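Here's the structure we're looking at; comments come further down.
2 protein chains.
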Amino acid sequence: MRALTALSERSVPTVSSEELAAAAGVNSAKLRKDFSYLGSYGTRGVGYDVEYLVYQISRELGLTQDWPVVIVGIGNLGAALANYGGFSARGFRVAALIDADPAMAGKPVAGMSVQHTDDLEKIIEENGVSIGVIATPAGAAQQVSERLIAAGVTSILNFAPTVLSVPDGVDVRKVDLSIELQILAFHEQRKAGEEAAAAASEPGPAVGGAAPAAAVEPPAGRTAAEARKGGPEGDVPAVMPA
Amino acid sequence: MRALTALSERSVPTVSSEELAAAAGVNSAKLRKDFSYLGSYGTRGVGYDVEYLVYQISRELGLTQDWPVVIVGIGNLGAALANYGGFSARGFRVAALIDADPAMAGKPVAGMSVQHTDDLEKIIEENGVSIGVIATPAGAAQQVSERLIAAGVTSILNFAPTVLSVPDGVDVRKVDLSIELQILAFHEQRKAGEEAAAAASEPGPAVGGAAPAAAVEPPAGRTAAEARKGGPEGDVPAVMPA
DNA sequence: GAATGTGAATCAATTCACAGCA
DNA sequence: TGCTGTGAATTGATTCACATTC
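Keeping their order, the protein sequence lines are chains A and B.
Residue 53 in UniProt numbering sits at position 53 of the first sequence, with consecutive numbering throughout.
Residue 101 in UniProt numbering sits at position 101 of the second sequence, with consecutive numbering throughout.
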């Protein structure tokens with residue numbers, strides 16, 4: 001969609017799957033197959049009409065609708081989200097900011113007045129909100145999600161570092177900022193390990209090495225067995241919930 | 001890891017793959033297989049020693065190290081990130097806050113003094129920073145990334161809604177807050193479509209009856225142009241995110 | 001008896017490759 | 001001729017299921 005929009009702005013009339021795929025950094029066959037699920041919007045021998053495709057995909061993704069959202073937990077992160085221009089630019093309207101701290105109530109954040117958690121249900125219902133953003137501390141998140149859901153919310157964007165358990169039919173997406181950094185750190189460590197691979201390698205696994213940190217001693221006196229094939233690139237092993 | 005830490009805090013001595021998998025919300029076989037790549041850390045008939053596993057995984061993921069990071073772009077989001085407790089709690093130390101606005105220089109944010117972009121290279125080198133966080137507007141992100149990389153950064157966490165192009169060997173992870181919301185909105189739309197599916201069920205694509213859109217209509221004009229408003233932003237997921 | 005570690009089976013995603021159409 | 005749309009082939013990830021070990 002990003003690549004398409006860029007083409008649209010340059011008034012490019014049509015684009016082939018090959019060109020668009022190159023611009024988006026994906027495989028052209030995948031792109032064609034994906035598009036084919038939406039319908040036959042291309043013209044053989046020619047390509048896709050850019051405007052038409054933008055229109056169809058926007059509609060399919062729901063970008064033509066306006067979605068009211070509430071943000072619960074107006075700490076640093078919540079305030080930043082409230083101020084984040086990207087939301088309103090993309091069809092999201094922040095309908096309310098909600099915080100449990102009575103001292104926050106009434107305070108202006110991002111041009112809105114923060115409201116107290118007591119009114120959560122009322123706010124959800126009056127605004128017809130179906131998407132909630134949780135930016136509370138981890139301890140409050142589960143409870144907040146339950147209240148949101150009871151009040152009618154069916155999609156949650158969770159910034160709290162907790163796994164929410166929700167009933168079927170409710171979508172949750174989780175953004176964990178420190179996990180993102182940890183994944184980068186993981187790869188950093190491996191880069192460092194590869195560089196120093198020649199040097200005396202610990203009895204530990206092939207992946208490790210490096211890491212000068214004065215870590216804790218292994219609880220038991222065992223030494224790690226080695227394993228590990230040629231590790232895949234991209235993400236961390238699926239140890240942690242994304 | 002989060003599930004493991006919780007067990008560790010409750011002083012649970014051992015855990016079976018079954019129990020841990022349930023706590024983490026994954027399949028137990030997958031968990032065992034993943035662990036097996038790190039080595040044989042379990043005991044048949046017993047399970048895994050929680051402390052030992054925490055230690056091994058921490059080491060493997062690089063959590064035992066302390067990583068200095070810089071945050072570039074101290075707007076709302078950058079400030080929220082600077083204040084975000086989760087970073088320091090997980091082995092990340094914010095070494096510096098950098099902003100291009102001279103008016104920001106010297107201002108205190110999260111207990112630190114914001115520094116000017118002019119000193120970016122010096123800061124990176126003096127602190128041995130290899131991980132950078134970009135929270136600038138989209139337009140500045142590519143340039144900032146280039147300067148970071150030239151100064152020695154090899155991992156970037158990008159919050160700007162742009163695809164960065166970086167040389168091989170540099171890792172980039174992208175967090176796009178509005179894409180997260182869009183993905184939720186996409187599912188919301190489908191839920192709404194399903195409810196009303198009884199009425200007008202389109203025979204079409206697998207994606208199914210979508211929003212109340214007026215079927216397939218050629219965009220003679222700029223029907224879809226509303227998806228884009230304002231500045232150099234652009235962020236939409238690939239066609240069908242999970 | 002209980003639970004790991006792992007080949008084999010299954011399931012899903014991606015890519016190939018080409019028939020068919022403008 | 002050039003490019004879409006899509007079955008078939010391939011590649012990868014996940015899960016099963018069980019021999020193995022404590």
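C-beta atoms are modelled at their ideal positions from N, C-alpha and C, and glycine is treated no differently.
Note that the structure is a prediction, hence the values are computed from the model and not measured.
Select from Met104/B, Val72/B, Gly47/B the residue whose C-alpha is nearest the C-alpha of alanine 160/B. Val72/B
Is the shortest distance between the beta-carbon of serine 28/A and the beta-carbons of chain B less than 7 Å? Under the 7 Å criterion on CB atoms, serine 28/A is classed as non-interfacial with respect to chain B.
Jot down the residue ranges of each uninterrupted beta strand (DSSP E) in the UniProt domain "CoA-binding" (62-163) of chain A, minimum 3 residues, whole runs only, in chain order. 67-72, 92-99, 131-134, 155-158
Would you decide whether asparagine 76/A is buried or exposed? Buried here means 16 or more other CB atoms lie within 10 Å of its CB. buried
Beta-carbon proximity check, isoleucine 183/A vs glycine 152/A, cutoff 7 Å: Cβ atoms of isoleucine 183/A and glycine 152/A: not closer than 7 Å.
Tell me the rounded alpha-carbon separation between glycine 191/A and serine 155/B. What sits at residue 191/A in the sequence shown is lysine, not glycine. Going from the Cα of lysine 191/A to the Cα of serine 155/B covers about 10 Å.
Identify every run of the alpha helix (DSSP H) within the region 166-197 of chain A, keeping only runs that are complete inside it and at least 4 residues long; order them along the chain. 177-195
Would a check of beta-carbon distances place glutamate 188/A closer than 7 Å to chain B? yes
Please report the distance separating the alpha-carbon of proline 167/B from that of methionine 1/A. 24 Å
Quick check: is the beta carbon of glycine 128/B nearer than 7 Å to any beta carbon in chain A? no
Measuring straight from C-alpha to C-alpha, what distance separates proline 212/A and valine 114/B? For proline 212/A, the predicted model reports a pLDDT of 32, less than 50, meaning its position is unreliable; a value from the coordinates is still stated below. Answer to the nearest angstrom: the Cα atoms are 29 Å apart.
Closest by C-alpha distance to proline 13/A, when choosing among Ala103/A, Pro102/A, Glu60/A, Leu53/A: Leu53/A
For the candidate residues Phe186/B, Glu188/B, Leu181/B, whose alpha-carbon lies nearest to that of residue 245/A? A question about residue 245/A goes unanswered here, because the residues of chain A that appear run from 1 up to 242.
Helix, strand or coil for leucine 7/B per DSSP? helix
Got a sec: is the Cβ-Cβ distance from asparagine 158/A to anything in chain B below 7 Å? no
Contacting positions in the region 173-185 of chain B - beta carbon closer than 7 Å to chain A: Arg173, Val175, Leu177, Ser178, Glu180, Leu181, Gln182, Ile183, Leu184, Ala185
Where leucine 63/A and glycine 91/A are concerned, what is the direct C-alpha to C-alpha distance, given to the nearest angstrom? 7 Å
How would you call glycine 86/A, buried or exposed, if buried means at least 16 neighbouring beta carbons within 10 angstroms? By the neighbour-count rule (16 or more Cβ atoms within 10 Å), glycine 86/A is buried.
Which residues, taken in chain order from the region 57-69 of chain A, show a beta carbon closer than 8 Å to some beta carbon of chain B? Within the region 57-69 of chain A, the residues whose Cβ lies closer than 8 Å to some Cβ of chain B are Ile57, Ser58, Arg59, Glu60, Leu61, Gly62, Leu63, Thr64, Gln65, Trp67, Val69, listed in chain order.
Integer-rounded CB distance, given that alanine 3/B should sit under 8 Å from alanine 23/B: 4 Å
Which residues in the same chain have their Cβ closer than 6 Å to the Cβ of arginine 147/A, if we skip the five residues on either side of it in sequence? The answer, listed in chain order, is Leu120.
Cα-Cα, which of Val133/A, Gly25/A, Gly47/A, Gln189/A is closest to valine 69/A? Val133/A
Could you give the distance in angstroms between the alpha-carbon of histidine 187/A and the alpha-carbon of isoleucine 131/B? 11 Å
Flag serine 113/B as yes if its beta-carbon sits less than 7 Å from any beta-carbon of chain A, otherwise no. For serine 113/B, not one C-beta of chain A is nearer than 7 Å to its own C-beta.
Valine 163/A to threonine 43/A span [Cα, whole Å]: Approximately 45 Å between the Cα atoms of the pair.
Where does tyrosine 41/B sit, in a helix, a strand or coil, going by DSSP? Tyrosine 41/B: coil per DSSP, three-state reduction.
Buried versus exposed, by CB contacts within 10 Å (16 or more), tyrosine 37/A: exposed
I want to verify the contact list: residues of chain B whose CB lies under 7 Å from the CB of valine 163/A, in sequence order. Gly25
With a threshold of 7 Å between beta-carbons, can aspartate 171/A be considered close to chain B, or not? At a cut-off of 7 Å between beta-carbon atoms, aspartate 171/A makes contact with chain B.
Work out the CA separation of arginine 173/B and alanine 103/B for me, nearest whole Å. 29 Å
If I measure Cβ to Cβ from serine 16/B and keep anything under 6 Å in the same chain, skipping five residues before and after, which residues do I get? Gly47
Which residues in the same chain as serine 8/A place their Cβ atom closer than 6 Å to its Cβ, once the five residues preceding and following it in sequence are excluded? Val50, Val54
Identity of the residue in Ser40/B, Asn158/B, Thr117/B nearest alanine 135/B by Cα: Asn158/B
Contact criterion: CB-CB distance below 7 Å. Does glycine 47/B meet it with respect to chain A? no
Spatial neighbours of aspartate 99/B within its chain, please: C-beta separation below 6 Å, excluding the five flanking residues on both sides. Here the set comprises Ile74, Val114.
Here's a check: name, in chain order, each residue in its chain whose Cβ is nearer than 8 Å to the Cβ of leucine 31/A, leaving out the five neighbours to either side. Ser17, Leu20, Ala21, Ala24
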